[in-house]
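Enquirer: From first to last, the protein sequence lines are chains A and Y. For the first sequence, the positions run 9 to 123 when this note's numbering is used. For the second sequence, the positions run 31 to 139 when this note's numbering is used. Idealized CB from N, CA, C, for every residue including glycine. Computed from a prediction, not measured in an experiment: that's the story for all the values here.
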Amino acid sequence: SAVISQKPSRDICQRGTSLTIQCQVDSQVTMMFWYRQQPGQSLTLIATANQGSEATYESGFVIDKFPISRPNLTFSTLTVSNMSPEDSSIYLCSVERAGGEETQYFGPGTRLLVL
Amino acid sequence: GENVEQHPSTLSVQEGDSAVIKCTYSDSASNYFPWYKQELGKRPQLIIDIRSNVGEKKDQRIAVTLNKTAKHFSLHITETQPEDSAVYFCAAVDYKLSFGAGTTVTVRA
């Protein structure tokens with residue numbers, strides 16, 4: 009499996025501010041995804057990060073709130089904008105390797121607390 | 031879109047006993063079914079997966095079965111050990127990975 013890192017691992021932010029989370033993979037991957045996991049809950053897909061084009065957002069998530077970049081095949085960022093306490097969650101990136109295996113591997117996550 | 035239901039939400043077993051978690055899915059187009067284990071404060075880790083052309087798959091103490099007709103799949107853990115204590119998520123893939131709500135498994139020593 010790919011080695012996936014995320015920065016920061018955790019943060020405490022004030023409401024109204026924004027935080028950018030980075031996801032780095034040690035090898036080129038075809039697909040990168042961003043998930044949210046609220047406390048004690050399951051994982052919900054926010055968007056698919058497409059290399060060289062705009063991300064594809066799931067229902068209930070919009071680009072203005074969660075802008076995503078993917079400048080190359082090993083790196084992506086997710087920004088949580090204009091944060092409120094309801095944005096307090098774990099944010100995880102995942103990757104799917106080439107070959108159409110559909111298997112996703114997750115990064116360690118970013119724990120966000122918004123006060 | 032895909033809807034995955036998972037039962038039970040919590041499961042407590044005696045060490046050495048078996049644990050079974052069941053999931054159902056709604057989209058007959060789903061063709062890939064992974065299972066993830068998430069320990070407290072850690073990332074979800076893939077433990078086993080099964081594709082729609084296979085009915086059963088086993089890896090040491092873990093096995094997964096799939097019934098495409100009934101649209102349900104199950105995780106079986108035999109000879110449970112304390113380190114099996116975690117939250118387990120089933121998932122189904124049509125065009126995206128859709129997760130069940132999770133099962134908290136506690137193995138009592």
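1) At least one CB of chain A closer than 8 Å to the CB of L127 (chain Y): is that the case?
2) Check this for me: beta carbons of Y62 (chain Y) and F119 (chain Y), under 8 Å apart or not?
3) Interface residues of chain Y around P116 (chain A) at Cβ under 9 Å?
4) S35 (chain A) to T82 (chain A), Cα distance in whole Å?
5) For P74 (chain Y), which of helix, strand or coil comes out of DSSP?
6) With DSSP collapsed to three states, give me the class of D95 (chain A).
7) Taking a contact to mean a Cβ-Cβ separation below 8 Å, would you say V37 (chain A) touches A55 (chain A) in this structure?
8) Unbroken beta strand (DSSP E) runs of length 3 or more, entirely within the segment 34-63 of chain A: which are they?
9) Identify whether E66 (chain A) lies in helix, strand or coil by the three-state DSSP scheme.
10) Within its chain, find whatever has a CB closer than 6 Å to the CB of T40 (chain Y); leave out the 5 residues flanking it on each side and keep chain order.
11) Of all the options Y:S128, Y:L127 and Y:A116, which has the alpha carbon lying nearest to the alpha carbon of R138 (chain Y)?
12) Got a sec? Which residues, its chain only, sit under 6 Å from F103 (chain Y) by beta carbon, not counting five neighbours each side?
13) Could one say the Cβ of Y65 (chain A) lies closer than 8 Å to chain Y's Cβ atoms, at least one of them?
14) For D57 (chain Y), which residues of its own chain have a beta-carbon under 6 Å away from its beta-carbon, when the five flanking residues on both sides are left out?
15) Within the same chain, show all residues whose beta-carbon is closer than 6 Å to that of H37 (chain Y), passing over the 5 residues directly before and after it, in chain order.
16) Whose C-alpha, out of A:Y113, A:G48 and A:F74, is nearest the C-alpha of M39 (chain A)?
Expert: This is what the structure gives:
1) It does: the Cβ of L127 (chain Y) has a partner Cβ on chain A nearer than 8 Å.
2) No; because the gap between Cβ atoms is not below 8 Å, this pair is not in contact.
3) P116 (chain A) reaches chain Y at K72 and R73, counting residues in chain order whose Cβ is nearer than 9 Å.
4) If you take the alpha carbons of S35 (chain A) and T82 (chain A), they lie about 6 Å apart.
5) Three-state result, P74 (chain Y): coil.
6) Annotated three-state conformation of D95 (chain A) is helix, per DSSP.
7) Contact: no.
8) For the segment 34-63 of chain A, the full-length beta strand (DSSP E) segments reaching 3 residues or more read 39-45 and 51-57 along the chain.
9) DSSP places E66 (chain A) in coil when its eight states are reduced to three.
10) Within the same chain, T40 (chain Y) has close Cβ partners T134.
11) For R138 (chain Y), the closest C-alpha among the options Y:S128, Y:L127 and Y:A116 is that of Y:A116.
12) Counting only Cβ-Cβ distances below 6 Å, and skipping sequence neighbours, we find C53, F63 and L96.
13) Answer no: the Cβ-Cβ gap between Y65 (chain A) and chain Y never drops below 8 Å.
14) Excluding residues within five positions, the ones whose Cβ falls inside 6 Å are E32 and D124.
15) Take H37 (chain Y), set aside five residues on each side of it, and the residues of its chain with a beta-carbon closer than 6 Å to its own are K52, in chain order.
16) For M39 (chain A), the nearest C-alpha among the options comes from A:Y113.
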